[in-house]
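One structure below.
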Amino acid sequence: MFDVNELKNKVLDGYKVTKEDAKNLIDVPLDDLANAANEIRKSFCGNNFDACMLINVKSGRCSENCKFCAQSNHYNADIEIYPLLSYEEIKEKSLAIYNSGFKRISYVASGRKVTEKDFETMSKLIEELKEENKDIKICVSLGLLTKDQIAALNEAGVDRIHNNLESSRNYFKEICTTHSYDEKLDTIEMIHNENVMICSGGIFGMGESFEDRIDLALQLR
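Residue 3 is where the sequence shown starts when you use the working numbering, and the numbers rise one by one after that.
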């Protein structure tokens, strides 16, 4: 019989959960599962968390057809649409957030990838903000990046680059067909090789199975 507490204790000792272990967790009563997960959280993360404030620096008219996203040009969501905010406006918003006490800010831009002009604007801004505010942490979500762009962001001082896998490899084609899972993995691998911190995750509730969720978690690990 599967014992969630036995698995919990193994994880606390450094054990890496297998796919079979994770599948066994599906049928564990929620309270037991939550209590075990909470002990693991306390051990590895303590009671601290890192809050991040987002700035949507470019909104709408994305060429990609991700079914979950209101910014896609393939759908008719009622959203505000605008090109990249000006250098001055992004900096003003950033400093307002920073001075309110939040030290981590993330710039999110709609689209498969940013234009070279927009990329240069963001890189210059990041470099300036990092020079002027030594404890500010800056993250970016700028779509599919090239190796040179990732290197440039690293040089500018970016702390973390975001690129979500969204779901498992098996289910990804059900939510997006305009770019591939491998394109995302390639971008994440290049970020890793540049020694920049990676922010990546997924979305639950899009029709995927529990096994898809497990596969996503193992891929992210």
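Beta carbons: idealized from backbone N, C-alpha and C, even for Gly.
Separation of residue j from residue i, as counted between CA atoms
i	j	result
N1	V30	It is not possible to answer for residue 1, since the shown part of the chain is limited to 3 through 223.
K136	E91	21 Å
F51	R106	12 Å
T179	K21	27 Å
Y77	S65	11 Å
A219	E122	34 Å
Cβ neighbours of residue i in the same chain (closer than 8 Å, five flanking residues each side left out)
i	result
S202	H164, N165, N166, L167, I190, L222
V116	K60, L86, M124, L144, G145
L14	E41, I42, S45
H181	E66, R114, L146
Nonlocal neighbours in the same chain, by C-beta distance under 6 Å from residue i, ignoring five residues either side
i	result
S108	C54, L56, C141
Same chain, Cβ closer than 7 Å to residue i, neighbours up to 5 away in sequence not counted
i	result
I177	C68, K69, F70, E168, S169, M208
I83	S61, G62, R63
E196	I152, A153, N156
K149	M192
D34	V6
G204	N166, L167, E168, S169, L218
S102	none
Nearest neighbour of residue i, chosen from the options [CA to CA]
i	options	result
M199	I152, K119, L220	I152
R171	L155, E210, L35, A154	E210
D120	I99, Y89, R215	Y89
F212	N11, I81, E8, K25	K25
Cβ distance (whole Å) where residue i is taken to contact residue j below 8 Å
i	j	result
S112	R162	Wrong, their Cβ atoms sit about 19 Å apart, outside the cutoff.
V110	N58	5 Å
Chain E within 7 Å of residue i, Cβ atoms only
i	result
Y100	Included in the structure is just one protein chain, with no chain E present.
*Curious, which full-length alpha helix (DSSP H) runs of at least 4 residues does the region 36-88 contain?*
none
*asked:* Extract the residue ranges of the alpha helix (DSSP H) inside the region 124-178, only unbroken runs of 4 or more that lie entirely within it.
replied: 149-158, 171-174
*List in chain order: all unbroken alpha helix (DSSP H) runs of 4+ residues lying wholly within the region 84-113.*
89-101
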